[in-house]
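A.B. asks: Chains as they are written, first to last, in my numbering: chain A, 1 to 319; chain B, 1001 to 1413. In this text, a Cβ means the ideal position worked out from N, Cα and C, and glycines have one as well. In this text the structure is predicted, and so the values were computed from the model without any measurement.
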């Protein structure tokens, strides 16, 4: 996979997040690392930065000193009690007196597990430093946040994004046209992992990579069928719209909040009277709120679809 | 109900009873028989009414059908008496008068009542057929003595299954023997409910497997989920709709799924649909609140919204024709996708080992792209498969196509 092949190996290789990288470099140089929180959207280099830091600290054999755990897969309190503790308390041998524990997607840990983690962090500070990667630092409990140095990762700027994709395309002999690169940015919104995966999937077709190919690829891989969903509902076909929605959620694992965000965007692009756009935005807003409170994403979103069906029929009547 | 038998020969089981019934009708051709009425009785859904309809059809007789609500008042009884006083109908054909659902009579409360019916039977000039689930109800003691009693029994499971099979063949549905047998067994001889079940389960399908039907085991026969749904989707009062919950033998979440599945087909007006779905959305919001607060007393609001809220949504939708209830597709998908999820997760774990991403995240973020690569580029796919250490089964799952999977596996060896 190109995401791994072209993942930067050292902090020096990292193309963006300049300020963060500079600080991390100074950690590596002084061979001292505090507990850290790397917060930011997916595909912005949080895990990469953690791995690069580890490599710069320990050299090629860094894997002996580093443990990577993913909270999405192992988020229970027992993991913290057993795995994390066992790793954290054993003393490291070598130049650097501590080991590093990378906790990926830490915002997915239960509150109990985070409390347990807090105690572990405190007790074994001497022997182990923690790097917590999270999409939202707000989901990390306060006491942990106050023990960590915060780093905020942001989406890659456009030029860095394009440069990186071009670099990969050249090395892999892929003809990446500039509108193809535009389309990838449009679809993946700066998420570099998604962008590289899109690039590789598109390259598998062995054709010059333009907008059309990107949309062809992402039509299946990313939730871009939202426009079709919106049309189906506005045209009055509720059952078909619900089926499309169900496929998105169940087959492609698209998150409900993603779908609603895109519906919101699409509404303002749709060919409907201006007054209706704000009416629909109101409907979408209410649905978004209920999505947070409710238990079942599909139910909430299909209730939204029903409101769109209703609006569509009123719109047609008004014409 | 497209599969109602039209002729006596097509009726499932009860050959003896039908013979007796046909002989009695034939006897009318020669002279007035001693018993002017036939009293067909037996459990529901085994073909009593259908037997009368088929017989009228076979003998080219006019069938005048009434049920309990039609002969509650004196006026209605008199009209019925008038009908029964002549053998021939206006057009010269012979006539049968059918009084269905006799159990529905409340005896004293109904002005006409059993007594009036008994009087009419005594003097009837054309065959009168009475139908009831229980002929030995004390109210019918006097009436019974003037009737020819014909008992209908539950047909054996094999007969019901055979009937279901004929329907499937007719509809072009490929059904597993075990699936049909299961439906037949569940119905306990009630052919009508068996056919309803089949229709609901096989709606729009080309194949019917045992897995598709096995969930039926959760269901009690007394008050079928279909009745419960009817009370909710066609309820006129809040109380009536809410009562449905007590009658349902599925838990609240399952009932929610049933309602959620069936609302769109039964509330077709866009405004009604939006209102009903809004009620379900609010019910779900309260489910979410229960989950976060663990305060189960909120369940009452879940029930309010999903029953009364949905019932009150009906304003413009007109009722026409019979719309079958469908089994919740999501539940079927869930059980079917269990193996699918397990496979995705095991591929996710392989990806996780290499790509610094959670197994769950990998199946969401990476797998879709792998699908595209595996479909289009065997070389690239083989490289990735080797690197990720995927087994043959995983490769063919991702490729989704035997031929392509083989090409990839070939490159690996």
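Between residue 236 of chain A and chain B, is any beta-carbon pair separated by less than 8 Å?
C.D. replies: Judged by the 8 Å Cβ criterion, residue 236 of chain A is in contact with chain B.
A.B. asks: Which stretch, first to last residue, makes up the alpha helix (DSSP H) that contains residue 1140 of chain B?
C.D. replies: Looking at the DSSP string, residue 1140 of chain B is not in any alpha helix (DSSP H), and its letter there is neither H nor E.
A.B. asks: Can a CB atom of chain A be found closer than 8 Å to the CB of residue 1297 of chain B?
C.D. replies: It does not; no Cβ of chain A falls within 8 Å.
A.B. asks: Quick one: which chain B residues come within Cβ less than 7 Å of residue 182 of chain A?
C.D. replies: Correct list: empty, because the minimum Cβ distance to chain B is about 19 Å.
A.B. asks: Tell me the residue span of the alpha helix (DSSP H) that contains residue 56 of chain A.
C.D. replies: Taken as a continuous stretch (DSSP letters only), the alpha helix (DSSP H) holding residue 56 of chain A covers 46-58.
A.B. asks: Rounding to the nearest angstrom, what Cα-Cα distance links residue 1286 of chain B and residue 179 of chain A in this structure?
C.D. replies: Going from the Cα of residue 1286 of chain B to the Cα of residue 179 of chain A covers about 47 Å.
A.B. asks: Tell me where the alpha helix (DSSP H) around residue 93 of chain A begins and ends.
C.D. replies: Per DSSP, residue 93 of chain A belongs to no alpha helix (DSSP H) and is neither H nor E.
A.B. asks: What are the boundary residues of the beta strand (DSSP E) that residue 1249 of chain B is part of?
C.D. replies: Run containing residue 1249 of chain B: none; DSSP gives neither H nor E here.
A.B. asks: Determine the DSSP secondary structure at residue 7 of chain A, reduced to helix, strand or coil.
C.D. replies: Correct three-state label for residue 7 of chain A: coil.
A.B. asks: Beta-carbon within less than 6 Å of residue 1099 of chain B's beta-carbon, same chain only, minus the 5 sequence neighbours each way: which residues are those?
C.D. replies: Counting only Cβ-Cβ distances below 6 Å, and skipping sequence neighbours, we find 1066, 1130.
A.B. asks: Just how far apart, CA to CA, sit residue 175 of chain A and residue 202 of chain A?
C.D. replies: Looking at the two C-alpha atoms, the distance is approximately 10 Å.
A.B. asks: To the nearest angstrom, how far is the alpha carbon of residue 1394 of chain B from that of residue 3 of chain A?
C.D. replies: Straight-line Cα distance between these residues: approximately 21 Å.
A.B. asks: How many Å lie between residue 1011 of chain B and residue 1020 of chain B at the Cα?
C.D. replies: Approximately 14 Å, taken between the alpha carbons.
A.B. asks: Does DSSP classify residue 1001 of chain B as helix, strand or coil?
C.D. replies: Model confidence at residue 1001 of chain B stands at a pLDDT of 45, short of 50, so the residue's coordinates are unreliable and nothing is read from them.
A.B. asks: Give every residue of the same chain whose Cβ lies closer than 7 Å to the Cβ of residue 85 of chain A, excluding the five residues on either side of it in the sequence, and list them in chain order.
C.D. replies: 120.
A.B. asks: Beta carbon of residue 1148 of chain B, beta carbon of residue 1029 of chain B: below 8 Å?
C.D. replies: No; because the gap between Cβ atoms is not below 8 Å, this pair is not in contact.
A.B. asks: Of all the options B:1134, B:1138, B:1142, B:1102, which has the alpha carbon lying nearest to the alpha carbon of residue 1118 of chain B?
C.D. replies: Checking every option, the nearest Cα to that of residue 1118 of chain B belongs to B:1142.
A.B. asks: Quick one: give me the first and last residue of the alpha helix (DSSP H) that residue 302 of chain A is part of.
C.D. replies: Unbroken alpha helix (DSSP H) run through residue 302 of chain A: 297-318.
A.B. asks: Any C-beta of chain B within less than 7 Å: which residues of the region 299-315 of chain A qualify?
C.D. replies: The region 299-315 of chain A vs chain B, Cβ under 7 Å: 299, 300, 302, 303, 306, 307, 309, 310, 313.
A.B. asks: Going along the region 192-207 of chain A in order, which residues come within less than 9 Å of chain B, judged by CB to CB distance?
C.D. replies: Within the region 192-207 of chain A, the qualifying residues are 193, 194, 197, 198, 200, 201, 202, 203, 204, 205, 206.
A.B. asks: Residues of the region 72-97 of chain A with a CB closer than 7 Å to any CB of chain B: list them in chain order, please.
C.D. replies: The residues in question are 72, 73.
A.B. asks: Quick one: is residue 173 of chain A near chain B, going by C-beta distance under 8 Å?
C.D. replies: Not closer than 8 Å to any Cβ of chain B, the Cβ of residue 173 of chain A fails to qualify, so no.
A.B. asks: Residues in the same chain with beta-carbon distance under 7 Å from residue 56 of chain A, minus the five sequence neighbours each way, listed in chain order, please.
C.D. replies: 10, 11, 28.
A.B. asks: By Cβ distance below 6 Å, which residues in the same chain neighbour residue 169 of chain A in space, the five residues on each side in sequence not counted?
C.D. replies: Excluding residues within five positions, the ones whose Cβ falls inside 6 Å are 176.
A.B. asks: Residue 1048 of chain B: buried (16+ other C-beta within 10 angstroms of its C-beta) or exposed?
C.D. replies: By the 10 Å Cβ count, residue 1048 of chain B comes out buried.
A.B. asks: Output needed for residue 1180 of chain B: all residues of its chain with C-beta closer than 6 Å, excluding positions within five of it in sequence on either side, in chain order.
C.D. replies: Cβ within range, chain order: 1161, 1164, 1165.
A.B. asks: Would residue 1124 of chain B pass as a contact of residue 1036 of chain B if the rule is Cβ separation under 8 Å?
C.D. replies: In this structure, residue 1036 of chain B lies closer than 8 Å to residue 1124 of chain B by Cβ.
A.B. asks: Give the interface partners of residue 290 of chain A over in chain B, defined as CB-CB distance under 9 Å, in chain order.
C.D. replies: Chain B residues near residue 290 of chain A: 1281, 1282, 1284, 1285, 1288.
A.B. asks: If the cut-off is 7 Å on Cβ atoms, which residues from the region 7-31 of chain A count as contacting chain B, listed in chain order?
C.D. replies: Within the region 7-31 of chain A, no residue qualifies.
A.B. asks: Going by C-alpha to C-alpha distance, which of A:1, A:259, A:135, A:137 sits closest to residue 291 of chain A?
C.D. replies: Ranking A:1, A:259, A:135, A:137 by Cα distance to residue 291 of chain A puts A:259 first.
A.B. asks: Expressed to the nearest angstrom, what Euclidean distance is found between the alpha-carbon atoms of residue 98 of chain A and residue 160 of chain A?
C.D. replies: Cα-Cα distance, rounded: 34 Å.
A.B. asks: Could you check the C-alpha separation between residue 1097 of chain B and residue 1063 of chain B for me, to the nearest Å?
C.D. replies: One C-alpha to the other measures close to 6 Å.
A.B. asks: Return the chain-ordered list of same chain residues with a C-beta closer than 6 Å to the C-beta of residue 1397 of chain B, the five sequence neighbours on each side being excluded.
C.D. replies: Counting only Cβ-Cβ distances below 6 Å, and skipping sequence neighbours, we find 1343.
A.B. asks: Which term fits residue 1293 of chain B, buried or exposed, when burial requires 16 or more other beta carbons within 10 angstroms of its beta carbon?
C.D. replies: Exposed, since its Cβ has fewer than 16 Cβ neighbours within 10 Å.
A.B. asks: Grouping DSSP H, G and I as helix and E and B as strand, with all else coil, what is residue 267 of chain A?
C.D. replies: Of the three classes helix, strand and coil, the one that applies to residue 267 of chain A here is helix, per DSSP.
A.B. asks: Counting pairs of Cβ atoms below 8 Å between the region 267-283 of chain A and the region 207-220 of chain A, do you hit three or more?
C.D. replies: Segments in contact, no.
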